[in-house]
Structure formats: C-alpha cells, structure tokens
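Before any comments, here is the structure.
Residue numbers (the numbering used here), protein chains in the order written: chain A, 1 to 149; chain B, 1001 to 1109.
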C-alpha cells in the first residue's frame, strides 16, 4: 500500500480540538487501531495542538493563526503531523515532571508540564522538527505494536 | 460538554457528559468550585465522559486541593479504562477514590 496523505487546515482556536479528535477517532477506526491506541493518539495531538494554539499563537500575539494537520497512513503506521507557524517550541527539550514530582502529594505538586509528558507517552513515537519557520510535531502509531505500558 | 450540579445530604454531585479538554475545563472547574462552597465532599460522575486531557486533570487537582483543605473527600464515579490509564501515568490515580456508581459513592460517606 502506498502512503495516503490527507491535509486539513484548522484555525488556531480551541474550538477545533473536538473536531480533530473526532477525525482522528474515525481515522483510527478505519486503520484498525485499538481503543487505547486511538485514545492515545487523540490525547497526544490534543495536548500539542492546545500548546500551539495557546502558547505558539495566542501568547505570541499572533491572531488569525492557522495550522495544518497532515494524516499519512501506510501499511505499517499512522502518522499525524501538526505544522504551524507560531512561536518555535520543541516539546522534546521541555523538562518533564520527574518521578519525584509525580509521586508528590497532589497538594504540593507543580501544576505544569503534564501535557507534554502525556503527549510524548501516548504514542509510539513522537518527533519534533523546526524547518522553514514551521514547527512540525509528528505523532506515530504503529500497527504491529500495542502502545507500551 | 454538559455539566449538571446538585447537592444531596450536603454532598455535591457533579455529573459531566462529553469531553474535558482545554476548551471546556474552565467551565467545569468554575462550576464545581462554585458549587462546592457549601459542601465538604464532592462526587464527580465521569461515566459519560469520553475524554480527559491534562486540562481536565488540572481541574481534578484544583478540586482535590480545595476539598482536602476542608478535610473532605473527592470520589470519582465511572472512570473509563482510557482515562484511568492517563491518571495512572500522571500519578493522579492514588489520590482519588474511584467507584462504579453514584450510589456506592454516596454510601461511602
């Protein structure tokens, strides 16, 4: 099977999160992902898309921003890429909460950093590239493997 | 997302339907925090919630802190396998009592 590619452009608004999850759920079902894989993909894309909308565009003072969602499927995997022109942000360089943070009582633990950690842990592979002034956040779910526990 | 808030025997019962993402989380948080002013205990029914992002976990954290400060208890009802997974990943799961029905939750106070 050749790679099939679909590109959809969204307005950088939190209103698009739900339609994106619906599209990814439908796509996940079409390619035979299990419930956990589909949920993980929706979660990962949701977290990063939220960061792009909030921090990449809103906080950077960029109005009427847009981003592309590219869905590529072949016989081995489903890859979803968010391409945006907002402020550069590399989630791979973001400090993740430590084991110590995660075992802290909820009263004391810091409130940030969870989203990026959840995004990175909810898909088989997560990559980030910055090229030609675009952030590219890439999420890959492999068909042969379950998401690791 | 829909949220329904009622009080039974001074226990706040919050029923949420839909998704708790970064768009809907503030509404959920405001609803629960306002509703819990007169209650020391909160039951959050997530039976009809299909998606919770980190923004939703943050709401649970805020509610937990507020209720804990009053020596109360937060009980979650009907947490799906996927949401439970996310709560485990982030270490949230150990702080909440999780039961299957609102009745069980009410009986445990």
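For every residue, glycine included, the Cβ atom is placed at its ideal position computed from N, Cα and C. Fair warning: this is a prediction, and the values are worked out from it, not measured in the lab.
Going by alpha carbons, who is nearest to residue i out of the options?
i	options	result
residue 85 (chain A)	A:102, A:121, A:57	A:57
residue 1101 (chain B)	B:1032, B:1033, B:1072, B:1080	B:1080
residue 1090 (chain B)	A:90, A:76, A:87, A:106	A:106
residue 1026 (chain B)	B:1043, B:1042, B:1061	B:1061
residue 1077 (chain B)	B:1064, B:1104, B:1022	B:1104
residue 52 (chain A)	A:24, A:87, A:35	A:87
residue 55 (chain A)	B:1022, B:1096, B:1043, B:1044	B:1022
residue 1075 (chain B)	B:1106, B:1033, B:1017	B:1106
residue 135 (chain A)	A:47, A:89, A:78	A:89
residue 4 (chain A)	A:31, A:15, A:22, A:16	A:31
residue 14 (chain A)	A:112, A:119, A:45	A:45
residue 1037 (chain B)	B:1096, B:1094, B:1047, B:1070	B:1070
On the DSSP bridge assignment, give the partners of residue i in chain order.
i	result
residue 1077 (chain B)	B:1045, B:1099
residue 20 (chain A)	Note: residue 20 (chain A) sits in no beta bridge, so no partner.
residue 127 (chain A)	A:138
residue 11 (chain A)	A:66
residue 5 (chain A)	A:72
residue 1018 (chain B)	B:1049
residue 1006 (chain B)	B:1013
Counting only the same chain and skipping the five closest in sequence on each side, list residues whose C-beta sits under 8 Å from that of residue i.
i	result
residue 1020 (chain B)	1001, 1028, 1049, 1051, 1052, 1053, 1055, 1056, 1059
residue 74 (chain A)	1, 2, 3, 4
residue 43 (chain A)	118, 119, 122
residue 158 (chain A)	Because residue 158 (chain A) is not part of the residues shown, which for chain A are 1 to 149, the question remains open.
residue 1099 (chain B)	1075, 1076, 1077, 1105, 1108
Note down, in chain order, each residue of its chain lying with its Cβ closer than 7 Å to the Cβ of residue i, except the 5 sequence neighbours on either side.
i	result
residue 117 (chain A)	96, 97
residue 16 (chain A)	10
residue 1092 (chain B)	1057, 1060
Please check the pair residue i and residue j, which I expect to be a contact at CB under 8 Å, by giving their CB distance rounded to whole angstroms.
i	j	result
residue 60 (chain A)	residue 82 (chain A)	Going by Cβ atoms, the distance from residue 60 (chain A) to residue 82 (chain A) rounds to 16 Å, so no, they are not a contact pair.
residue 41 (chain A)	residue 80 (chain A)	7 Å
residue 1035 (chain B)	residue 1005 (chain B)	4 Å
residue 1042 (chain B)	residue 1072 (chain B)	7 Å
residue 62 (chain A)	residue 6 (chain A)	That belief does not hold up - the Cβ atoms of residue 62 (chain A) and residue 6 (chain A) are roughly 25 Å apart, past 8 Å.
Excluding the five sequence neighbours on either side, which residues of its own chain have a C-beta within less than 6 Å of the C-beta of residue i, listed in chain order?
i	result
residue 1024 (chain B)	1001
residue 1083 (chain B)	1052
residue 1040 (chain B)	1070, 1072
residue 78 (chain A)	31, 141
residue 1097 (chain B)	1075
residue 137 (chain A)	48, 82, 128
residue 1031 (chain B)	1003, 1005
Consider the Cβ of residue i: report whether some Cβ of chain D lies at a distance smaller than 8 Å.
i	result
residue 1040 (chain B)	In the structure shown, chain D cannot be found, because the protein chains are A and B.
Three or more C-beta pairs closer than 8 Å, one from the segment 1006 to 1020 of chain B and one from the segment 126 to 137 of chain A: is that the case here?
no
Cβ pair count under 8 Å reaching 3, the segment 56 to 70 of chain A against the segment 7 to 20 of chain A
yes
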